[in-house]
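Enquirer:
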Amino acid sequence: MKTTTTSPPRWWRTLEERTDPQGVAARHADEFADELPLGELGTATSRRSFFKVMGLSATAAMAACQRAPRQKILPFTTKPDEVTPGLALWYATACGGCAAGCGLLVKTRDGRPIKIEGNPLHPVSGGAVCAVGQASVLGLYDADRARGPRVDGRPASWAQVDGAVAAGLSAAARDGRTIRVLAPWGLGPTEEKALDGFLAAQPTARVVRFDPMGQRDAIADAHEALTGARLVPEVRLDAAEVVVGVEADFLGTFLGPAALTRQWSVGRDPARTPMLRHIQIESTLSLTGASADTRIPLAPALQVAALARLLRGLDTASIDDLVAPVLGAVAAAPLPNELGARLDGVARELRAAGSAGVVLCGSDDPTAQLLAALANAALDNATTTAVLDRRMAARAGEMNPDALAAELAAGQVGALLILGANPALVDRRLAAALPAVPFSLSTSERLDETAALARVHAPQGHFLETWTDHRPRAGVEVMGQPCVAPLFDTRAQTASLLVWSGAPADDHAFLQARWRREVLPDAGDASWDAAVRNGVTGKTAAVDSPSLLRSPAAALALVARGRDVTPIGPGELQLVLHASVSLHDGTGATANNGWLRELPDPISKVSWSNVAALSPRQAAALGLNDGDVVEVRTAGGAVELPVLAQPGLPDQVVAIAVGHGRTRAGRIAAGHGADGWALAGGAGAPVRRAGLRATLRATGRRRELALTQTHASQEGRALVRQADLGELRRDPHAGNEVPRPATLPGGAPRRTLGLWPGHAYEGHRWGLAVDLNKCTGCAACVVSCSAENNIPIVGELEVQRRREMHWLRIDRYYGGEPDAPEVLHQPMMCQHCENAPCETVCPVLATVHSTEGLNQQVYNRCVGTRYCANNCPTKVRRFNWFDYDHGGDLGRMVLNPDVVVRSRGVMEKCSMCVQRIEEARALSRREGRDLADGDIATACQQSCPAQAITFGDANDPKSALQARRAEGRAYTILEEINVKPQVTYMTRIKNRGETEHG
Amino acid sequence: MADHASVSSLREPLVTKPRTLAGITDDILGQMQRRPTARWWIAFSLAAALLLLGVGTVTYEILTGIGTWGLNRTVGWAFDITNFVFWVGIGHAGTLISAILFLFRQKWRTSINRSAEAMTLFAVMCAGVFPLIHMGRPWVGFFVFPYPNDRGPLWVNFRSPLLWDVFAISTYFTVSAVFWFVGLVPDLATVRDRLPPGLKRRIFAVLAMGWTGSARIWNRYETLYMLLAGLATPLVLSVHTIVSMDFATSVIPGWHTTIFPPYFVAGAVFSGFAMVLTLMIVARAVMGLDHLITQRHLENMAKIIIVTGGIVGLAYGTEFFIAWFSGSAYERFTFINRATGPFAWAYWIMVSCNVISPQLLWFKKLRTSTVALFVLSLVINVGMWFERFVIIVTSLHRDFLPSSWGTYAPTKIEVFTLLGSFGLFFTLFLLFVRALPVISIGEVKSVLGYARPKLAAPPAEPASSVLEVA
Amino acid sequence: MTRARWALLAAAALASGGCPGKLGGQQGHAPVQPIAFSHALHAGLYELDCQYCHAGAERSRHAGVPPASVCLNCHSQVKTDAPEIRKLTAFVRADRPVPWEKVHRLPDFAFFSHASHVGAGLACQTCHGAVQQMVRVEQQETMTMGWCLRCHRSTRQEERPAPAPLATLALNQLTGHAPIAGRHLSPPTDCSGCHR
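Residue numbers (the working numbering), protein chains in the order written: chain C, 121 to 1118; chain V, 7 to 476; chain D, 37 to 232.
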């Protein structure tokens, strides 16, 4: 697959630069050397600014007679077969953004990955990619990634690194100290195999499994106590009828959000009977809670009690020998009666659903996870919705971070190898102990908080540079092939482990060997090639679930380790540290990714920074307004953050997103937000993400929040429409306007009056449909749009000035009571109005209607009067207030060459991905056929994990678009002003069950 | 102008002090011949400083980006277009006075029309700056002109009110300039004849276009002047009508309003006269012309202000009524938001300046007090600036989708640009009063009213001084 | 505002005074090439097919300039000692690309696809002139927007029939739709046809 050679420079913008760096550098140094008699003055300016100034002297004629700058064409000396300049190459690979291992298709141009899309062949993610996955291609070009290995803080060669490792390991063996390998969850099977090799070579070595949010650790502990196997269940919502999320943000950050969103959206189809019923019990207002049918706010202190109450309500007869003692042992705080009643209702619904019901718990408290696991056992869903499969169990004898901390404190650890993770940020005990460890090493991709403390930094490359694989489900293996040669002097983790275990091998060879031996039906090249081409192989196998242990001993031991749940008094606050959609691993691995930092939080709409979220009542009681900076203090420490009054929070909770305030993530991350982990436990204490007592102190200072939306109410305008499932079953137009008949009573056709004659669409007529019932607001589409359309990052200050450039935004409205608000999401892009107000007012015809119903924006014609934006009823037009930086030479490599990079002073907006339309059309013409429905997918549509967006031809009666528009839920906004949008929205449907009424 | 020279004996004299024809010429041209006074220098250096500030600021803005202003994705226009409409409005009184009052034989206009026309030109110049600099890419501003090109060819959008503006404003400026210059010609000749030989005389000789003052020339001159007056009159209505369509033809609640054309024209005349008042009061004080620019002039203008102010007030009321009557939720919200929302302060400044304060002019005492008129004229100018600000910003900042609601605050760059436009205006005006006769000598002489029995026959003088002009 | 920008301002003002060229800037542009390659010889006399060298024209936006390896297909045998060929082999030996001078240049905001035009059966000469007679390639057409549109519009009006799909494409069809007969060429006249 190699599409680039490793000849210097290691990274390059154009084939020209790759092959003739000196020449390019020379020309860039003095762009006008040839054409203009400017001497070295040219260096201080650019061609663009030249034309600006030239234009300023108002000389059109001169512009015309200006000879274009001379350009060189530098062809390959010998062209790689698969490369044709101007043609994109697509590679199937696996996402390394989190442990889920979703399937990706990576678009590369001239050897540069520029866009990530989902791989529809993937049996679990099925073509869904989350915002983080979408943005990971920008991470490849992160200028702050490690450029090479370091030993004792100084740049070193890989030979030196391997030498240091060998010395460190033998020293540990000599001193009789142990060797520990701290590994994140979700290493690929090949990496695990390499790790096995290392463990075999180092008898004293043991693996410490580390999950920043502590969820997988706790889940594994719970299942180990119940089944003896360290397992994390694989959730299958497509088979579920009732899902109860307890503190589990499974549509946003928990386990595999993209795949779970895809499955959730399948179940949420109102035509499906029964429609998936979603109940969320949580202490923050998460993306998942926002989409739930029923949401029960719950302070962390009551979590265990609530789960116990839930478990009591289930049919536990078959497993009472486990449930009874556990429930007896659990110290549960008393629940308010009203809350208890609602929980009983939830339990009744679960019970009715049986094995089609599932409880997802996202707590880091093993006791809570134990109760959730028992609930699932009671529902007997281990083979249906919360699948437990022995083959997916982690290796026996793995430790958890607390055990490691104890060893470190005792000074027993002689060598600590940290694979990719950043524990020093999360667990201050490790941070404190790390320098004292005789030999420590980190393989993280940048010199992060942990790597900075380690003796050796052996950086692994970006997942798009290395051979990786994943096993998202027993029997299914995903291939992660590299799409570009390493940009920097990095080495794959697998390769490193192989070297350090004394069996050096290239990661490619090792992975291929394992696949041929273990995965592929026959070891032949054909099947290997197919696996690489498809990126995924195998099929969902029959589940081999472990049976429950019959003795509660282990479970009781776990409960004994449980936390104090003494209820907090009035006026006291409990801290909740949670992951956020853009930093969903919790350690801010993506903190230096501009696309994700500028992406507003789907609920709070704050971009770039984190906040201390309080319930509106609590904020009022404390006399705090949005933006007032407070000092949040726990036993662990203190941070200063601006306050945000967040509807839907329990009054006792102060919620802070973690992963912000990184000091060593890079230039983009620096100075945005504060590090919540400082509160999580402190030097001696174990890390706790929820339930710590917190005190607030107003500092009297204010910090403006970078909010992309400042008004939360719809003001009674029918923008987002919603109805209950029951109503919909009775009336297909429920919550929506009943369309007026096409003919008047007399039989005459009904015409809407308009000043303009209207347009004749002879060929295609493009349009979009957005199903608000499926949209969760996860914002994958926003990032995908930014990547596809070269949308610049403007920075926190400019967002505060309300100048973010997103072509596609997601409007978020609140309804109902601030305690338990209805949250409504509405993706808002250019509506491509048929009577477009912007088109009539542009003096220079820079925005005009196409013959296919697109509202076209012609950047090179735009003079920038902003009249169109003023006259846009949806305010989706974006103006280039400045010349925006696209991340320098490295950052610019991600730009899509099929879309113009807009200059300062021009208007821009959603084009319905016209470049994709034209590309598909050109291909179909060359193939001598017409465009077919489905040939074109806009970037937002392709990336939508919930498949809420449909693009199509309104002139094609059989198109999927028309099918959606024919439904009773279809409507367009602002019909009253007769702009006739070409974007159709579909009413949101709530499946309110018994709990709501009973 | 001999044919209008017959003045009724019932009327108040238009020139209060008895003056000889030569005396008139001396009074007016004296201003040009004497060295500039200290007061002029102070005023001029202030104006020039503001102008420089403006030039510097605009240069910075053009080289850096519109981002230096306080605009955002919700509010795309604010100070820029506010200033544009404000200055265009100012520019109205000039043509109104010189053309319409002329056609209505309003003699009293004679001593103020010259400077009023000058004011018009300078105001339109100030206005013209803003459409250019508010563009994101002023260096391709020439796209707005329909010129032959090899882009297909690619024309301009004749449906766009902004394009109508381009034509309306440029026409208005051209006609006003020609009208003004034609009016100047006889006086330029007077200056020429009074100057000693030299460069200055030669310049004025060229400008005077060989004026001899013969009866035939006077005859043709007045025919031309009449025709131009007729040509200029409809423009007074057309320009601000078209400017108002920038807003009226849009879909934005608060802009999409059918009464804007008359509303804007009335407002323009209103503000225009206020500005004329300001300038005249200063001029007659500084240049001792109060026998030519009399209380009566000021009072007449005050009356016009009462009328136009009334129309403006009516328009404000009508907007609210229609907003309620329309039944459109968006309309209603917009106007409630105007009066009670975050920009209510601006709205109430506008109302008190434009509707309440002019009512004081019903009192003759105030109407005839120079000081009171001066203060009121300033107040009204402030109010009219705020009217445009309110219309533009309050309508934009909260329109259809609450999700995009925002706010707006100006940066100092915008404030400096506004100050700069005042600098440009006053610099030009101060140069004008030094370089050209501020009052139409010929016309004033025609209203001296020798026919009055009360008035003694003109004191004997060498006829030459008469010949100089007639 | 750097010194340079002021200088540019001055330079611009000067240039605006004495503007030598004529409208339609690039017409007649014929830069000297690093190797005196003659299209007249190869395309004219020896009648090599354009796409033998410019292989991208059929599939990609860019027609592409041939890699030196293509030249060497023949010139490893033919006229190896000729001075110009020596230059070529020198480049190849140094593993450096031949720095050809670009002749036909479109601004970066105009998206032109060779594949679409070749696929529509256009002869290369329609836009590039009689290259087979050019010893040194020269831009013959103005290549302005108006020039493009004239052809696009007339082609639509005349309803020229579209040629049969190219064999190479019929093979690598992405979707299994069968070609349909009797199609007309319909080049885009919408802005977004070229400006995205």
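Ideal Cβ placement from N, Cα and C applies to all residues, glycine included.
(1) If you pair each beta-carbon of the segment 826 to 839 of chain C with each one of the segment 408 to 423 of chain V, do three or more pairs fall below 8 Å?
(2) Any beta carbon of chain V sitting closer than 8 Å to that of residue 185 of chain D?
(3) Quick one: Cα of residue 626 of chain C to Cα of residue 615 of chain C, how far?
(4) For residue 750 of chain C, count the other beta carbons within 10 Å of its own beta carbon; 16 or more makes it buried, fewer makes it exposed. Which is it?
(5) Taking the CB atoms as reference points, tell me whether residue 114 of chain C and residue 257 of chain V lie closer together than 8 Å.
(6) Please determine, among C/379, C/629, C/877, C/411, the residue with the shortest C-alpha to C-alpha distance to residue 933 of chain C.
(7) By the 9 Å beta-carbon criterion, what residues does the segment 164 to 178 of chain D contribute toward chain B?
(8) Report the start-end ranges of each beta strand (DSSP E) in the segment 368 to 431 of chain C that is 3 residues or longer and not cut off at the edges.
(9) Determine whether the beta carbon atoms of residue 613 of chain C and residue 539 of chain C lie at a separation below 8 Å.
(10) Runs of 3 residues minimum, wholly inside the segment 959 to 1007 of chain C: which ones carry the beta strand (DSSP E) assignment?
(11) Indicate whether at least one CB of chain D lies closer than 8 Å to the CB of residue 158 of chain V.
(12) Against chain C, does residue 134 of chain V count as a neighbour if the rule is that its beta carbon must be under 8 Å from one of theirs?
(13) Kindly say whether residue 191 of chain D, judged by its beta-carbon, lies nearer than 8 Å to any beta-carbon of chain V.
(14) Between residue 139 of chain D and residue 201 of chain D, is the Cβ-Cβ spacing less than 8 Å?
(15) Determine the extent of the alpha helix (DSSP H) in which residue 1135 of chain C is found, giving its start and end residues.
(16) Under 6 Å Cβ to Cβ from residue 293 of chain V, same chain only, skipping five residues before and after it: list those, please.
(17) Taking residue 137 of chain D as the reference, give the member of C/467, C/354, C/190, C/365 with the closest Cα.
(18) Based on the DSSP output, what are the partners of residue 894 of chain C in its beta bridges?
(19) In chain order, what residues of the same chain lie with their CB nearer than 7 Å to the CB of residue 840 of chain C, ignoring the 5 residues before and after it?
(20) Is the CB of residue 216 of chain D under 8 Å away from at least one CB in chain C?
(21) Within the same chain, show all residues whose beta-carbon is closer than 7 Å to that of residue 598 of chain C, passing over the 5 residues directly before and after it, in chain order.
(22) Output the residue ranges of the alpha helix (DSSP H) runs that lie fully inside the segment 110 to 181 of chain D and measure 4 residues or longer, sorted by chain position.
(23) So what does DSSP say about residue 161 of chain V, is it helix, strand or coil?
(24) Going by the DSSP bridge assignment, what does residue 842 of chain C pair with across the sheet?
(25) Since residue 80 of chain V contacts residue 922 of chain C with CB under 8 Å, what's their CB separation in whole angstroms?
(26) Would you kindly work out how many angstroms separate the C-alpha atoms of residue 159 of chain V and residue 968 of chain C, rounded to a whole number?
(27) Which two residues bound the contiguous alpha helix (DSSP H) that contains residue 494 of chain C?
(28) My assumption, with CB atoms under 8 Å, is that residue 328 of chain C sits in contact with residue 302 of chain C. Please give the rounded CB distance.
(29) Taking CB distances under 8 Å as the criterion, tell me whether residue 182 of chain D reaches chain V.
(30) Within a Cβ cutoff of 6 Å, which residues of the same chain sit near residue 317 of chain V, ignoring the five residues on either side of it in sequence?
(31) Go ahead and label residue 273 of chain C buried or exposed: buried means 16 or more other beta carbons lie within 10 angstroms of its beta carbon, across all protein chains shown.
(32) Please tell me whether residue 145 of chain D has its Cβ less than 8 Å away from any Cβ of chain C.
(33) Taking C-beta to C-beta, are residue 102 of chain V and residue 429 of chain V nearer than 8 Å?
(34) Which value, in whole angstroms, describes the spacing of the CA atoms of residue 1050 of chain C and residue 216 of chain D?
(35) Restricting to Cα atoms, I'd like to know which of C/868, C/987, C/1095 is closest to residue 82 of chain V.
(36) Using the beta-carbon of each residue, which ones in chain C are nearer than 8 Å to residue 110 of chain D?
Expert: On the basis of the coordinates in this document:
(1) Yes: at least three Cβ pairs fall under 8 Å.
(2) By this cut-off, residue 185 of chain D is an interface position.
(3) Roughly 6 Å between the two C-alpha positions.
(4) Its Cβ being crowded by 16 or more others within 10 Å, residue 750 of chain C is buried.
(5) Given that chain C is displayed from residue 121 to residue 1118, the structure contains no residue 114 of chain C and the question cannot be resolved.
(6) Ranking the options by Cα distance to residue 933 of chain C, first place goes to C/411.
(7) The chain labelled as chain B is not found among the protein chains of the depicted structure, namely C, V and D.
(8) With a minimum length of 3 residues, the continuous beta strand (DSSP E) runs that stay inside the segment 368 to 431 of chain C are 397 to 402, 414 to 417.
(9) Judged by their CB atoms, residue 613 of chain C and residue 539 of chain C are nearer to each other than the 8 Å cut-off.
(10) If we require 3 residues or more, the beta strand (DSSP E) runs fully inside the segment 959 to 1007 of chain C come out as 967 to 969, 975 to 977.
(11) Chain D contact via Cβ: present.
(12) No - not a single Cβ of chain C is within 8 Å of the one on residue 134 of chain V.
(13) It does not; no Cβ of chain V falls within 8 Å.
(14) No; because the gap between Cβ atoms is not below 8 Å, this pair is not in contact.
(15) Given that chain C is displayed from residue 121 to residue 1118, the structure contains no residue 1135 of chain C and the question cannot be resolved.
(16) So the qualifying residues of the chain are 37.
(17) Ranking C/467, C/354, C/190, C/365 by CA distance to the CA of residue 137 of chain D puts C/190 first.
(18) Beta-bridge pairing links residue 894 of chain C to no other residue.
(19) Within its own chain, the residues whose Cβ lies closer than 7 Å to the Cβ of residue 840 of chain C, once the five positions on either side in sequence are excluded, are 834, 892, 933, 944, 946, 1108, listed in chain order.
(20) Closer than 8 Å: yes.
(21) 214, 221, 223, 242, 589, 590, 592, 655, 656, listed in sequence order.
(22) Entirely contained in the segment 110 to 181 of chain D, the alpha helix (DSSP H) runs reaching 4 residues are, in chain order, 119 to 129, 150 to 155, 160 to 164.
(23) If DSSP states are grouped into helix, strand and coil, residue 161 of chain V belongs with coil.
(24) DSSP, once it has assigned bridges, lists C/1108 as partnering residue 842 of chain C.
(25) Between the beta-carbon of residue 80 of chain V and that of residue 922 of chain C there is about 6 Å, and that keeps the pair under the 8 Å contact cut.
(26) Computed Cα separation, rounded: 15 Å.
(27) Counting along the chain, residue 494 of chain C sits inside the alpha helix (DSSP H) bounded by residues 486 to 499.
(28) Confirmed, about 4 Å.
(29) Output row for residue 182 of chain D: interface = yes.
(30) Only residues of its own chain outside the window of five on either side were considered, and among them 272 have a CB closer than 6 Å to the CB of residue 317 of chain V, listed in chain order.
(31) Per the 10 Å Cβ criterion, exposed.
(32) Yes, residue 145 of chain D counts as interfacial toward chain C.
(33) Note that the C-beta distance between residue 102 of chain V and residue 429 of chain V is not below 8 Å.
(34) So the two alpha carbons sit approximately 8 Å from each other.
(35) The shortest C-alpha separation from residue 82 of chain V is found at C/987.
(36) Within 8 Å Cβ-Cβ: nothing; residue 110 of chain D doesn't reach chain C, min ~16 Å.
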